[in-house]
Amino acid sequence: MKKQTLAATKVSDFDRLNRDWYIDKTVQALVFIGGISAIIFIIGIFVFITKEGFGFLVGDFSFKEFFFSPNWRPTSENRATYGILALVAGTASVTGLAMLVAIPFSLGTAIFIAEFATGKTREFLKITVELLAAIPSVVWGFIGLAIMNPLIIDIFDVPVGLNVLNAGIILGLMAAPIMTSIAEDALKAVPDRYREAAEAMGATRWQVIYKVVLPAAKNGLLGAVLLGVGRGFGETMAVLMATGHAINIPTSVFDSVRALTATIAAELGETAVGSPHYQALFTIGNSLFIITFIINLIADLVVRGVRKG
Amino acid sequence: MKTMFEATPINHKNLGRQKLFRFLLGSMTALLIFPVILIMGTLIYKGAPVISFDFLFSNPTNGMTEGGIFPALLGTILLVLVALLASVPLGVAAAIYLSEYAPDNWFTRIINLAIINLAGVPSIVHALFGLGAFVIFFRFGTSILAASLTLAIMTLPVVIVATRESLQAVPMAFREACWNMGATRWQTIRRIVLPNAITGILTGVILEVSRTSGETAPIMFTGAVFFLPFLPQGVFDQTMALSLHLFVVSTQVPEMPEAVPYGVALVLIALVLMMNSLSIALRMYLRGKKKW
Amino acid sequence: MVSQENAGPDPQTNTPAKLHVDDLSIHYGSHAALEHVSLDIQENEIFGIIGPANAGKTSFLKAINRMDMFDPNMKTRGSIQLNGHNIRKVRNVYGLRSRIGVVFPLPVGLPLSVYDNVALAPRLRGLKDKAELNVIVERCLTRAALWDEVKDRLDSLGSLLSGGQQQRLTIARALSQEPELLMLDEFSIAVDPVTTMRIEDVLKELKSEMTIILVTNLVQQARRLADRTAFFLEGKCLDIGVTEDLFTGEVKDQRTRDYVEGRFG
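Chains as they are written, first to last, in my numbering: chain A, 8 to 316; chain B, -7 to 284; chain C, 4 to 268.
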């Protein structure tokens, strides 16, 4: 009999919702807020920059002028024009040159670190790359201004050293470390048994890399390149300081240009809140947001493809 | 049998190519790293002579061409601290949710995508958001609070990713053993998972400090100003900041002695790289210390 | 050897079953690990489950402890009642698990000190009193035949002990829950024979305090300890009865006899 009453008390006991159960549920709710915060912020960014630029979108905005006119004259007394074509050309030329520099160097470095370097060398290179990625963009801008500028003037005998070449190299050096570490991760994700199988068949190291590792890591490497493009595209301080900041559709690498991001950084402080100019700058920001969103989305899908495979 | 291992002509060719390939890749690595080392050398060479106790701890004078950088240094520290107060709790919570509670479904994938995008949004767009949301909508004005919150949102992914990685490094078997004893998820996190992930989380936080202290664009219109004759008294005041100060002294001030911007750049880069090295050192120490 | 007097409460009397399993099936995706198992386990008996690998023994224990929640692939059907309470319908699954101690073949020493490993369950219950914890830790470690080996280094990490020691630490941890149901899954796999015998003796003592399910692939261990035993094969419960009967040939299925006599498995 005694046993039965004991059992009976235990029955009611274990399913009671005790303090710990409630604490657990509370914590779950709290950390969920943290989890969805990223979504809230992304939506918030879009909402607020759209809201601030809304007056321009429904007012002075003309799709044709905005995207196809090279005339960015927001402060013109007679008739302000808001064409971002020249700014797009500035951003595109600098990012393009940067990728030309960064893609071969970062992929080469990633392959060297992942497939050839060993032990201490490897560790040293990895740490160096990581530290390079940490240098703030305003420092890179300063380097472009103070070191690259006179160098370019001397070497190429041109009047101005703040141009596509300068900003492209600076941006390339900035993007390369990040691309290197993502590309290296992608190479490391290729299982060793692939390499071993190929080596067992008598392939040399470079054959293994060329015929086995690179095809297998293809998507990850593409993801690295895309993220590098996104980074170069959205970079602000370095391009503001190293491009020369002249509205111009460049015809050579020695032309000064002006980037989309730099335009916002340089002009926003001088505009009145709510003015068409201010709203136009927010609309540029909105375009930047949408484009980087798409780039990141594609990069994510591409990299996810490699994980499934 | 012996002939099998002798180098055939084809193998010779391949080995030659391999050496060439290796040499090429090695040179590329060197070409990527050496210019940067050269640049760093120049920064140190030209900037070191200005660095002194006075430079670090006195106010700028004579249109910032003389004196020190103390208000900017202090401003950066304040901005970083307030940003950490906001982003670390939020980021750690997000990482705990993703690592310990989130089911593997489409909603979790959207959260992950949002985190990736948050990290990829251009810094100037974050600045626009900070201006529209914190300065104007929430009426914080251009202030340390508005600038720090902007920085916090921008660097949130750094904390989330680092924390999630260190949480997931704790083997699943420990969690299951703990759950099997009747521990709730939170009890398991608090007693087993977090204590073993805390150093990893710390590396992430230090990394965030490094990122935050170097950012310029997000604070330009939200709270940092070119020059301020007094130190900030609270989070609703504006402030100077090291990164913006470098921009100002190198582009905005005529008649600037050449060495001053080098000095500012050197201080900024030293701050950032010291934090990064600390984070790397902590990570390597962690790797050497096995707990299971 | 277990005498007949010690055999658990007679299923014929009205004592309600401690654990009542009705038509339990477990699937991992499309693979069936357990099919239509029904059985009763009585209060204060040692219930043995024998059978070769992949018989569904471990899945059976996992279902009782609601470990299907950790594995989105694992799907269970049927009903399991502990003290007449359907465990598939409990709201506080943590409360349920805290009443059930489990030991799985793969030992897990938590990355805490040996002391904290064993003190964890009492602390989860809210026990803070140092003296009381000391008593529990020593008693559980002694019962798990580990006390003598670790008493001088209670502050070393549980996750760095040897495999056999971690196995016994896991047992000590399960005991520290003071469970009403203790489930052991091949607990002696990493433990030497002498220590195994010591733990077996402890289990016989513990029977008066709790109900024990003993999953083992050592048929002689089941014979030494279990009051009643079930034979699982390929996800089905082929036989169930008083242990001695199984060993003396009173079986429903010929395969049970073949297994206990060592013809396969």
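Note that beta-carbon positions come from the ideal geometry of N, C-alpha and C, so glycine has one too.
>> If distances are taken between C-alpha atoms only, which option among B:98, B:104, B:254 comes closest to residue 83 (chain B)?
In response: Position 91 of the second sequence, counting from 1, holds the residue named residue 83 (chain B). The shortest C-alpha separation from residue 83 (chain B) is found at B:104.
> Is it a yes or a no for the stretch 45 to 53 of chain C touching the stretch 267 to 278 of chain B, going by three-plus beta-carbon pairs under 8 Å?
Replying inline: Not touching, per the Cβ criterion.
> In chain C, what lies closer than 9 Å to residue 101 (chain B) by C-beta?
Replying inline: The sequence position of residue 101 (chain B) within the second sequence is 109, counting from 1. Result: empty, since nearest Cβ-Cβ is about 15 Å, beyond 9 Å.
>> Count Cβ pairs between the stretch 255 to 264 of chain B and the stretch 183 to 199 of chain B that sit closer than 8 Å; are there 3 or more?
In response: The answer is no - the stretch 183 to 199 of chain B does not touch the stretch 255 to 264 of chain B, with fewer than three Cβ pairs under 8 Å.
> Since residue 25 (chain A) meets chain C, which of its residues come closer than 8 Å, beta carbon to beta carbon?
Replying inline: Walking along the first sequence from the start, residue 25 (chain A) turns up at place 18. In chain order: 95, 98.
> Are the C-beta of residue 200 (chain B) and some C-beta of chain A separated by less than 9 Å?
Replying inline: Position 208 of the second sequence, counted from the start, is the residue given in the question as residue 200 (chain B). Contacts with chain A at 9 Å (Cβ-Cβ) do not include residue 200 (chain B).
>> For a contact defined as C-beta to C-beta under 7 Å, what are the partners of residue 179 (chain B) on chain C?
In response: Residue 179 (chain B) sits at position 187 when you count from the first residue of the second sequence. 127, listed in chain order.
> Measuring CB to CB, does residue 242 (chain C) end up less than 9 Å from residue 230 (chain C)?
Replying inline: Mapped onto the third sequence, residue 242 (chain C) falls at position 239. Mapped onto the third sequence, residue 230 (chain C) falls at position 227. No, these two residues do not count as a Cβ contact at 9 Å.
> Cβ of residue 33 (chain C) less than 9 Å from any chain B Cβ?
Replying inline: Looking up residue 33 (chain C) in the third sequence gives position 30. Using a Cβ-Cβ cut-off of 9 Å, residue 33 (chain C) does not count as an interface residue toward chain B, since no Cβ of chain B sits closer than that to its own.
>> Using a 10 Å radius around the Cβ and a threshold of 16 neighbouring Cβ atoms, would you call residue 262 (chain A) buried or exposed?
In response: The residue labelled residue 262 (chain A) in the question sits at position 255 within the first sequence. Residue 262 (chain A) sits buried, since 16 or more C-beta atoms from the chains shown fall within 10 Å of its C-beta.
> Using a C-beta to C-beta distance shorter than 9 Å, which residues of chain A count as neighbours of residue 69 (chain C)?
Replying inline: Walking along the third sequence from the start, residue 69 (chain C) turns up at place 66. By Cβ distance, chain A contributes nothing, its closest Cβ being about 12 Å from residue 69 (chain C), past 9 Å.
>> Report the start-end ranges of each alpha helix (DSSP H) in the stretch 115 to 200 of chain C that is 4 residues or longer and not cut off at the edges.
In response: Within the stretch 115 to 200 of chain C, the alpha helix (DSSP H) runs of at least 4 residues that lie entirely inside it are, in chain order, 117 to 127, 133 to 146, 150 to 153, 166 to 179.
> Run through DSSP, which three-state label would residue 229 (chain C) get?
Replying inline: The residue labelled residue 229 (chain C) in the question sits at position 226 within the third sequence. Reduced to three states, the DSSP call for residue 229 (chain C) is coil.
> Which residues of chain B have a Cβ atom closer than 8 Å to the Cβ of residue 62 (chain A), listed in chain order?
Replying inline: Locating residue 62 (chain A) in the first sequence gives position 55, where the first residue counts as 1. In chain order: nothing, as chain B lies at least about 13 Å away.
> Would you call residue 129 (chain B) buried or exposed, if buried means 16 or more other Cβ atoms sit within 10 Å of its Cβ?
Replying inline: Residue mapping note: residue 129 (chain B) aligns to position 137 of the second sequence, counting from 1. Exposed, since its Cβ has fewer than 16 Cβ neighbours within 10 Å.
>> Less than 9 Å between the beta carbons of residue 121 (chain B) and residue 51 (chain A), yes or no?
In response: Position 129 of the second sequence, counted from the first residue, corresponds to residue 121 (chain B). Position 44 of the first sequence, counted from the first residue, corresponds to residue 51 (chain A). Taking 9 Å as the Cβ cut-off, residue 121 (chain B) and residue 51 (chain A) qualify as a contacting pair.
> With 16 other CB atoms within 10 Å as the buried threshold, where does residue 135 (chain C) fall?
Replying inline: Looking up residue 135 (chain C) in the third sequence gives position 132. Its Cβ having fewer than 16 others within 10 Å, residue 135 (chain C) is exposed.
>> Does residue 181 (chain A) pass the burial test, meaning 16 or more other C-beta atoms within 10 Å, or should it be called exposed?
In response: As a first step, residue 181 (chain A) is located in the first sequence; it is residue number 174 there, counting from the start. Within 10 angstroms of the beta-carbon of residue 181 (chain A) lie 16 or more other beta-carbons, which makes it buried.
> Quick check: the stretch 189 to 200 of chain A against the stretch 221 to 241 of chain A, are there 3 or more CB pairs under 8 Å?
Replying inline: Taking 8 Å as the limit for Cβ pairs, the verdict is that the stretch 221 to 241 of chain A does touch the stretch 189 to 200 of chain A.
>> Can you find the residues in the same chain that come closer than 6 Å, C-beta to C-beta, to residue 96 (chain C), ignoring five residues on each side of it along the sequence?
In response: On the third sequence, residue 96 (chain C) is found 93 positions in, with the first residue counted as 1. If we look at residue 96 (chain C) and ignore the five residues flanking it on each side, its Cβ neighbours are 69.
> With a cut-off of 9 Å, does the C-beta of residue 213 (chain A) fall near any C-beta of chain B?
Replying inline: Position 206 of the first sequence holds residue 213 (chain A). Put simply, the CB of residue 213 (chain A) is near chain B, with a gap under 9 Å to one of its CB atoms.
>> Taking its Cβ as the centre, do 16 or more other Cβ atoms sit within 10 Å of residue 31 (chain C), making it buried, or is it exposed?
In response: What you label residue 31 (chain C) is simply residue 28 of the third sequence in a count that begins at 1. Exposed is the label assigned to residue 31 (chain C), since fewer than 16 other Cβ atoms lie within 10 Å of its Cβ.
>> I want to verify the contact list: residues of chain C whose CB lies under 9 Å from the CB of residue 183 (chain B), in sequence order.
In response: By one-based count along the second sequence, residue 183 (chain B) stands at place 191. Result: 113, 115, 119, 123, 126, 127.
>> Quick check on DSSP: helix, strand or coil for residue 218 (chain B)?
In response: Position 226 of the second sequence, counting from 1, holds the residue named residue 218 (chain B). DSSP places residue 218 (chain B) outside both helix and strand once states are collapsed to three, so it counts as coil.
>> Please report the distance separating the alpha-carbon of residue 146 (chain A) from that of residue 154 (chain A).
In response: For the purposes of this step, residue 146 (chain A) is taken as the residue at position 139 of the first sequence. For the purposes of this step, residue 154 (chain A) is taken as the residue at position 147 of the first sequence. Going from the Cα of residue 146 (chain A) to the Cα of residue 154 (chain A) covers about 11 Å.
>> Whole angstroms are fine: how far does the CA of residue 25 (chain B) sit from the CA of residue 108 (chain A)?
In response: Mapped onto the first sequence, residue 108 (chain A) falls at position 101. Mapped onto the second sequence, residue 25 (chain B) falls at position 33. When rounded, the distance between both Cα atoms is 13 Å.
>> Pairs of beta-carbons, one from the stretch 229 to 240 of chain B and one from the stretch 212 to 220 of chain B, closer than 8 Å: are there three or more?
In response: Touching, yes.
>> By the 7 Å beta-carbon criterion, what residues does the stretch 114 to 125 of chain B contribute toward chain A?
In response: Cβ contacts with chain A come from 114, 115, 116, 117, 120, 121, 124, 125.
> Cβ atoms of residue 237 (chain C) and residue 51 (chain C): under 9 Å apart, would you say?
Replying inline: The residue given as residue 51 (chain C) occupies position 48 in the third sequence. The residue given as residue 237 (chain C) occupies position 234 in the third sequence. For residue 51 (chain C) and residue 237 (chain C), no; Cβs fall outside 9 Å.
> So, do the stretch 111 to 120 of chain A and the stretch 14 to 32 of chain B have three or more beta carbon pairs nearer to each other than 8 Å?
Replying inline: Yes, the stretch 111 to 120 of chain A is in contact with the stretch 14 to 32 of chain B.
> How about residue 132 (chain B): is its C-beta nearer than 9 Å to some C-beta of chain A?
Replying inline: Along the second sequence, one-based indexing puts residue 132 (chain B) at 140. No, because no Cβ of chain A sits closer than 9 Å to the Cβ of residue 132 (chain B).
> Which ranges would you report for the alpha helix (DSSP H) in the stretch 240 to 283 of chain A if only whole runs of at least 4 residues count?
Replying inline: When DSSP assignments are scanned along the stretch 240 to 283 of chain A, the uninterrupted stretches of alpha helix (DSSP H) that are 4 or more residues long and fall wholly within it turn out to be 244 to 249, 267 to 274.
> Under 7 Å Cβ-Cβ, which residues of chain B neighbour residue 303 (chain A)?
Replying inline: The residue given as residue 303 (chain A) occupies position 296 in the first sequence. Near residue 303 (chain A) (Cβ distances below 7 Å), the residues of chain B are 108, 109, 112.
> Roughly how many angstroms lie between the CA atoms of residue 198 (chain C) and residue 169 (chain C), to the nearest whole one?
Replying inline: Within the third sequence, numbered from 1, the residue matching residue 198 (chain C) stands at position 195. Within the third sequence, numbered from 1, the residue matching residue 169 (chain C) stands at position 166. Going from the Cα of residue 198 (chain C) to the Cα of residue 169 (chain C) covers about 13 Å.
>> Give me, in chain order, the residues of the same chain whose beta-carbon lies closer than 6 Å to that of residue 112 (chain A); leave out the 5 immediate sequence neighbours on both sides.
In response: Working through the first sequence from its first residue, we reach residue 112 (chain A) at position 105. Counting only Cβ-Cβ distances below 6 Å, and skipping sequence neighbours, we find 183.
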